[in-house]
DNA sequence: ACAATATACGAACGTTCGTTCTATTAGTCA
DNA sequence: TGACTAATAGAACGAACGTTCGTATATTGT
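Protein chains in written order, with this note's numbering: chain A, 1 to 196; chain B, 1001 to 1196.
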């Protein structure tokens, strides 16, 4: 059977956009149904519960993130170049038309921080692996002698991620046209100080 | 009349905690009523609408922020000391028992970035003035010769704020015990690079 | 083409939501 | 103390929520 998976995917696509704008708690099966021109039960049947739908959304987003952010970066030369590509891909990705309301992972990070459950657990796991991905790339730069010996790469990842959060904030809430420039400048400074 | 304002304040206190945990959209008059041991209409009467309640919550939080974060910092000597106090106060404040679910302003920043209305407008205004507060303190340090001449103080504020966001993320989502150390270290680096 | 099954609908469920009324109680001021 | 008003309760509203169920319609594999 494939018709089902097809509509399931198109529902998910819509759901991701909705979650991006209204948050994970803000998606509703009823609204999703009317947007998709389907009945509530039609939507519901594809997932079995709202929580399962939310998990599917998260999984979908993470997959898209790996595909469009991490994957392309891994095809760049290691070290500084790869890290800069990772950062640029991340910021570009949050501007994708799929993510009409900005990075859902950033939004979920503050939305779910006090909501225990599978959804939160899954997000934590993903975000930890994201920080670890940054850390490993920085570690590689250390191994290659591009970054200084003894660099605290976890600290690097912490700050790297923080710049992305600041970008998201400036771009989406303040609608600051200089948000991207600011973020790039901050990363420049971070990388610079990782060298000396 | 003062009995009214008294209960209104105690309702708001509870509402702030609720918003801190569940977000601004997550507060409900019904739940607030049962927590406070009052009727829904009893709560409702104090505000007139849910949006007015949300605005009152935001106002309450901002007032508390000014009182406990900005105020004490202004009593410190200008320049680097004041900036460090501002940062420490900010991070400490987010650990207050009132703010059980972390900084509501950070949460609101990502929750409201796509929800046009008075609430968003009010938040944007507050956050812009927050960034401006940081900027002015940095500017003062420049004027005093502590920070280098020609420092981009808006950039400084962008990164300063970003470190706070990263702290919130590491602390609340990842429950990283080193979150505070990481944040302090990042600020050290920021201030250091503002000097040379 | 036929049987099997996946897919979707429509109606109804019990809750909860914000909001609006009408009373009744409690507090304040003369 | 008495008159007035503010404060709260309680019931009801229409709408939206997630979920369940029985039924009809497509789609599939043979």
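Here a beta-carbon is modelled for each residue, glycine too, at the ideal position from N, C-alpha and C.
Since this is a predicted model, take the numbers as computed values, not measurements.
Please list the partners that residue i has in chain B, where partner means a Cβ-to-Cβ separation under 8 Å.
| i | result |
| --- | --- |
| residue 161(A) | 1166, 1169 |
| residue 124(A) | 1173, 1174 |
Tell me where the alpha helix (DSSP H) around residue i begins and ends.
| i | result |
| --- | --- |
| residue 1013(B) | 1003 to 1022 |
| residue 987(B) | Residue 987(B) lies beyond the residue range present for chain B, which begins at 1001 and ends at 1196; the question has no answer from this structure. |
| residue 89(A) | 80 to 93 |
| residue 1156(B) | 1153 to 1168 |
| residue 194(A) | 179 to 195 |
| residue 1136(B) | 1118 to 1143 |
| residue 1072(B) | 1071 to 1074 |
| residue 1109(B) | 1104 to 1111 |
| residue 59(A) | 50 to 65 |
Taking all protein chains shown into account, decide if residue i is buried (16 or more other Cβ within 10 angstroms of its Cβ) or exposed.
| i | result |
| --- | --- |
| residue 1104(B) | buried |
| residue 1099(B) | buried |
| residue 1102(B) | buried |
| residue 1162(B) | buried |
| residue 1094(B) | buried |
| residue 26(A) | buried |
| residue 1020(B) | buried |
| residue 6(A) | exposed |
| residue 1002(B) | exposed |
| residue 1192(B) | exposed |
| residue 49(A) | exposed |
| residue 148(A) | exposed |
| residue 83(A) | buried |
| residue 67(A) | exposed |
| residue 1009(B) | exposed |
| residue 186(A) | buried |
Please list, in chain order, the chain B residues whose beta carbon lies closer than 7 Å to that of residue i.
| i | result |
| --- | --- |
| residue 113(A) | 1102, 1172, 1173 |
| residue 185(A) | 1155 |
| residue 200(A) | Only positions 1 to 196 of chain A appear in this structure, which leaves residue 200(A) out of reach. |
| residue 128(A) | 1174 |
| residue 189(A) | 1193 |
With distances taken between CB atoms, is the gap from residue i to residue j smaller than 8 Å?
| i | j | result |
| --- | --- | --- |
| residue 165(A) | residue 1128(B) | no |
| residue 1046(B) | residue 1070(B) | no |
| residue 33(A) | residue 14(A) | no |
| residue 1086(B) | residue 1180(B) | no |
| residue 154(A) | residue 136(A) | no |
| residue 1237(B) | residue 1111(B) | There is simply no residue 1237(B) to check, as chain B begins at 1001 and stops at 1196 in what is shown. |
| residue 55(A) | residue 114(A) | no |
| residue 131(A) | residue 109(A) | no |
| residue 1194(B) | residue 1138(B) | yes |
| residue 1065(B) | residue 170(A) | no |
| residue 995(B) | residue 1076(B) | The requested residue 995(B) does not occur in the structure, where chain B is confined to residues 1001 to 1196. |
| residue 107(A) | residue 89(A) | no |
| residue 190(A) | residue 160(A) | yes |
| residue 62(A) | residue 16(A) | no |
| residue 1057(B) | residue 1043(B) | no |
| residue 1144(B) | residue 1078(B) | yes |
Kindly list, in the order they appear in chain A, the residues whose Cβ is closer than 7 Å to that of residue i.
| i | result |
| --- | --- |
| residue 1106(B) | 110 |
Please list, in chain order, the chain B residues whose beta carbon lies closer than 9 Å to that of residue i.
| i | result |
| --- | --- |
| residue 25(A) | 1022, 1023, 1025, 1026 |
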